[in-house]
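The structure appears below as structure tokens.
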Amino acid sequence: MTLAIMGAMPEEIAPILEKLGEYKTTKYAGNTYYEANYKGIQLVIAYSKIGKVFSTLTATTMCEHFGATKLLFSGVAGAISPKLKVGDLIVATKLAQHDLDITAFGHPFGYVPEGSIYVEADKELLALSKEVALEMGKSVQEGIIATGDQFVADEERKNWIGEIFHADALEMEGASVAVVCDALHVPFFILRAISDAADMDASFSFDEFLETSAVESAEFVMKMVDKIVR
Ligand code: ADE
Numbered sequence: 011m012t013l014a015i016m017g018a019m020p021e022e023i024a025p026i027l028e029k030l031g032e033y034k035t036t037k038y039a040g041n042t043y044y045e046a047n048y049k050g051i052q053l054v055i056a057y058s059k060i061g062k063v064f065s066t067l068t069a070t071t072m073c074e075h076f077g078a079t080k081l082l083f084s085g086v087a088g089a090i091s092p093k094l095k096v097g098d099l100i101v102a103t104k105l106a107q108h109d110l111d112i113t114a115f116g117h118p119f120g121y122v123p124e125g126s127i128y129v130e131a132d133k134e135l136l137a138l139s140k141e142v143a144l145e146m147g148k149s150v151q152e153g154i155i156a157t158g159d160q161f162v163a164d165e166e167r168k169n170w171i172g173e174i175f176h177a178d179a180l181e182m183e184g185a186s187v188a189v190v191c192d193a194l195h196v197p198f199f200i201l202r203a204i205s206d207a208a209d210m211d212a213s214f215s216f217d218e219f220l221e222t223s224a225v226e227s228a229e230f231v232m233k234m235v236d237k238i239v240r
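Under our numbering, think of the first position of the sequence shown as 11, with each following residue one higher.
Right, here's the structure in full:
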């Protein structure tokens, strides 16, 4: 089995690479992929760069070129739900693209013909994450994540995304990774630790908490890997 672990930024995969110690480095299609044997399975790890296009390329490469048969995403997000505070973990039950808009043709936000507004995450991986949360004694919220090519630092935009998509958190890669994995029938899991509240202070909060929140997310994802291996 080849398991993909993906982030968007170097900070999001650094804690995972640190845990592995030894890995092989391959450059492919403008990104660096790290391959390692971990407890008897193959891991392929990469950060995509920020946004839907780069994350689509990386997720596709991990599945089609490196042969990943499951994909776990680890990273940070902005909170929409007031229940989510900096450092809290959110697991996506389903994801939508908040910036996909052909409403001019009478379609709902986030929808294009032959697509769907939401892509659902793998149920088995969600169940596994509940076991991991219990074992770690961590409270992990499940919810809807909205994705778009926009760093949201605006209360009004954040509230609009929350209302239209019933989203609990927002980020810039999850839904595009979900579309790729769904199309290729690769079970996927998107985990995010909150770095900011997507409000006027978001960029400062993001800079301050990116690294610590990324570590929170990466530690949980590695526990997921340990569970999958067993
Ligand atoms: N990732 C983390 N915080 C974010 C925000 N406020 N907007 C978009 N993506 C994010």
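Cβ coordinates follow ideal geometry from the N, Cα and C atoms, glycine included.
* Quick one: is Ala163 near chain B, going by C-beta distance under 7 Å? -> The structure shown contains no chain B, having only a single protein chain.
* To do: Please list, in chain order, all residues of the same chain as Thr70 whose beta carbon is under 8 Å from its beta carbon, the five residues on each side excluded.
  => Working through the sequence shown from its first residue, we reach residue 70 at position 60. So the qualifying residues of the chain are Val190 and Leu194.
* Is the CB-CB distance between Ser205 and Ser223 below 7 Å? -> Mapped onto the sequence shown, residue 205 falls at position 195. Mapped onto the sequence shown, residue 223 falls at position 213. Yes. Within cutoff.
* To do: Express the C-alpha separation of Ile55 and Asn47 in angstroms, rounding to a whole number.
  => The residue labelled residue 47 in the question sits at position 37 within the sequence shown. The residue labelled residue 55 in the question sits at position 45 within the sequence shown. Approximately 11 Å between the Cα atoms of the pair.
* To do: Count the other CB atoms, across all protein chains shown, that sit within 10 Å of the CB of His108; report buried if there are 16 or more and exposed otherwise.
  => Here the question's residue 108 lines up with position 98 in the sequence shown. By the 10 Å Cβ count, His108 comes out buried.
* Determine the closest residue to Lys104 out of Pro92, Ala24 and Leu135, with distance taken between C-alpha atoms. => If you number the sequence shown from 1, residue 104 lands on position 94. Residue Leu135 is the option with its Cα nearest to Lys104.
* Asked: From Tyr44 to Leu13, what distance separates their C-alpha atoms?
  -> As a first step, residue 44 is located in the sequence shown; it is residue number 34 there, counting from the start. As a first step, residue 13 is located in the sequence shown; it is residue number 3 there, counting from the start. About 12 Å.
* Simplified DSSP assignment, three categories, for Val235 -> As a first step, residue 235 must be located in the sequence shown, where it is residue number 225. Val235: helix per DSSP, three-state reduction.
* Does at least one heavy atom of ligand 3 sit under 6 Å from the Cβ of Val86? -> By its list of ligands, the structure shown excludes ligand 3, since it contains just ligand 1.
* C-alpha distance - Ile171 paired with Ile23, whole-angstrom precision -> Mapped onto the sequence shown, residue 171 falls at position 161. Mapped onto the sequence shown, residue 23 falls at position 13. Going by the C-alpha atoms only, they are around 27 Å apart.
* Are the region 89-98 and the region 211-226 in contact at 8 Å, needing three or more beta carbon pairs? -> yes
* Would you say Asp192 and Gly61 are within 7 Å of each other, going by their C-beta atoms? -> The residue labelled residue 192 in the question sits at position 182 within the sequence shown. The residue labelled residue 61 in the question sits at position 51 within the sequence shown. No, these two residues do not count as a Cβ contact at 7 Å.
* Under 6 Å from any heavy atom of ligand 1, does the C-beta of Phe161 make it? -> On the sequence shown, position 151 is the one that residue 161 refers to. Yes, the beta carbon of Phe161 sits closer than 6 Å to at least one heavy atom of ligand 1.
* Asked: How many angstroms separate the CA atom of Phe230 from the CA atom of Thr66?
  -> The residue given as residue 230 occupies position 220 in the sequence shown. The residue given as residue 66 occupies position 56 in the sequence shown. Looking at the two C-alpha atoms, the distance is approximately 23 Å.
* How many whole angstroms separate the CB atoms of Gly85 and Ser227, which I take to be in contact at a CB cut-off of 8 Å? -> For the purposes of this step, residue 85 is taken as residue 75 along the sequence shown, with counting starting at 1. For the purposes of this step, residue 227 is taken as residue 217 along the sequence shown, with counting starting at 1. Sure, about 6 Å apart at Cβ, within 8 Å.
* **First and last residue of the uninterrupted alpha helix (DSSP H) at Gly184** => The residue given as residue 184 occupies position 174 in the sequence shown. DSSP places Gly184 inside the alpha helix (DSSP H), whose first and last residues are Gly184 to Ala193.
* Grab me the residues of Val129's own chain with a C-beta within less than 7 Å of its C-beta, minus the 5 sequence neighbours each way, in chain order. => Position 119 of the sequence shown, counted from the start, is the residue given in the question as residue 129. Closer than 7 Å at Cβ, skipping near neighbours: Lys104, Leu105, Ala185, Ala188, Val189 and Asp192.
* Would you please state the rounded distance, in angstroms, between the beta carbons of Asp132 and Pro25? I believe it to be under 8 Å. => Here residue 132 corresponds to residue number 122 of the sequence shown, with the count starting at 1. Here residue 25 corresponds to residue number 15 of the sequence shown, with the count starting at 1. Rounded, the Cβ-Cβ distance is 23 Å, inconsistent with contact.
* Work out the CA separation of Leu81 and Lys140 for me, nearest whole Å. => In the sequence shown, residue 140 corresponds to position 130, counting from 1. In the sequence shown, residue 81 corresponds to position 71, counting from 1. About 17 Å.
* Asked: Under 6 Å from any heavy atom of ligand 1, does the C-beta of Glu181 make it?
  -> Counting from one through the sequence shown, the residue named residue 181 turns up at place 171. Within the cutoff, so yes.
* In chain order, each beta strand (DSSP E) run of at least 3 residues that lies wholly inside the region 88-125 -> 99-107
* Compare the C-alpha of Lys59 against each of Asn41, Leu53 and Cys73 and name the closest. => Residue numbering aside, residue 59 sits at position 49 when the sequence shown is read from its first letter. It is Asn41 whose Cα lies nearest to the Cα of Lys59.
* Asked: Heavy atom of ligand 1 less than 6 Å from the Cβ of Ala224, yes or no?
  -> In the sequence shown, the residue the question calls residue 224 occupies position 214. Placement of the Cβ of Ala224 at a distance of 6 Å or more from every heavy atom of ligand 1 is found.
* Could you say which of Gln52, Tyr57 and Lys93 lies nearest to Ala78 if we only look at CA atoms? => By one-based count along the sequence shown, residue 78 stands at place 68. Comparing Cα-Cα distances from Ala78 to each of Gln52, Tyr57 and Lys93, the minimum goes to Gln52.
* **Phe76 - DSSP class collapsed to helix/strand/coil** => Counting from one through the sequence shown, the residue named residue 76 turns up at place 66. Assignment of Phe76 by DSSP, reduced to helix, strand and coil, places it in the coil class.
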